[in-house]
């Protein structure tokens, strides 16, 4: 083999070796199969209070922790949010330990006021935000027995436990 053929073949091989893993990898992450909507609904429902089922389902399908169910009209909910609006601290803490995404509503229910208050001071309109099913921060403070924060929200003008999702 002469030098010119060797260089041409080498460059072609390098290009192929470099591109192949990228093509295989990008294809696998661009087109994953969606999680079955019935499974998502079952997991989100369990998140409201069935810690045993939550643990079992996560053991089988760890990515359920990121799944959201649409109850209709854009009323999306994750399992951790279900735990949040019913005041189930055990389920919420477990899901957080497994990597669930937390939000102001769940943090309010858990009494993490030192995290919530600065955000509300910076973005005061968030006091009137709606969580799943339209439950407000006031609702989450009540179900979490966060009486001092409940009073703080009332003082800031929030007087509704739930606001209709349009």
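Numbering (this note's numbering), first residue to last: 278 to 443. Quick reminder that beta carbons are idealized off the backbone N, C-alpha and C, glycines included.
Starting from the Cα of residue i, find the closest Cα among the options and give me that residue.
i: residue 386; options: 427, 355, 322; result: 427
i: residue 366; options: 431, 307, 328, 441; result: 328
i: residue 374; options: 437, 339, 309; result: 339
i: residue 420; options: 351, 364, 279; result: 364
i: residue 326; options: 310, 359, 309; result: 359
What first and last residue would you give for the alpha helix (DSSP H) that runs through residue i?
i: residue 354; result: Segment 353-355 is the beta strand (DSSP E) holding residue 354; no alpha helix (DSSP H) there.
i: residue 371; result: 366-374
i: residue 429; result: 424-432
i: residue 320; result: 314-324
i: residue 336; result: 328-337
Can you give the Cα-Cα distance for residue i and residue j, rounded to whole angstroms?
i: residue 335; j: residue 341; result: 6 Å
i: residue 320; j: residue 413; result: 23 Å
i: residue 371; j: residue 443; result: 32 Å
i: residue 317; j: residue 435; result: 32 Å
i: residue 429; j: residue 353; result: 27 Å
i: residue 422; j: residue 307; result: 43 Å
i: residue 393; j: residue 349; result: 28 Å
i: residue 388; j: residue 379; result: 13 Å
i: residue 337; j: residue 439; result: 34 Å
i: residue 314; j: residue 398; result: 37 Å
i: residue 401; j: residue 437; result: 16 Å
i: residue 424; j: residue 396; result: 19 Å
i: residue 418; j: residue 351; result: 24 Å
Which same chain residues end up closer than 6 Å to residue i when comparing Cβ atoms and leaving out the 5 residues on each side of it in sequence?
i: residue 390; result: 426
i: residue 344; result: 312, 317
i: residue 383; result: 357, 361, 369
i: residue 266; result: Outside the displayed range of the chain (278 to 443) lies residue 266, so it cannot be described from this structure.
i: residue 433; result: 404
i: residue 346; result: 317, 318, 321, 354
Following the continuous beta strand (DSSP E) through residue i, name the residue where it begins and the one where it ends.
i: residue 443; result: Run containing residue 443: none; DSSP gives neither H nor E here.
i: residue 347; result: 345-347
Which residues in the same chain as residue i place their Cβ atom closer than 8 Å to its Cβ, once the five residues preceding and following it in sequence are excluded?
i: residue 431; result: 415
i: residue 331; result: 320, 323, 324, 356, 368, 371, 372
i: residue 441; result: 411
Beta-carbon of residue i versus every beta-carbon of chain D: anything under 7 Å?
i: residue 335; result: Of the protein chains in the structure, only one exists, and it is not chain D.
- Contiguous alpha helix (DSSP H) assignments of at least 4 residues, all confined to the region 385-425: 390-399, 414-420
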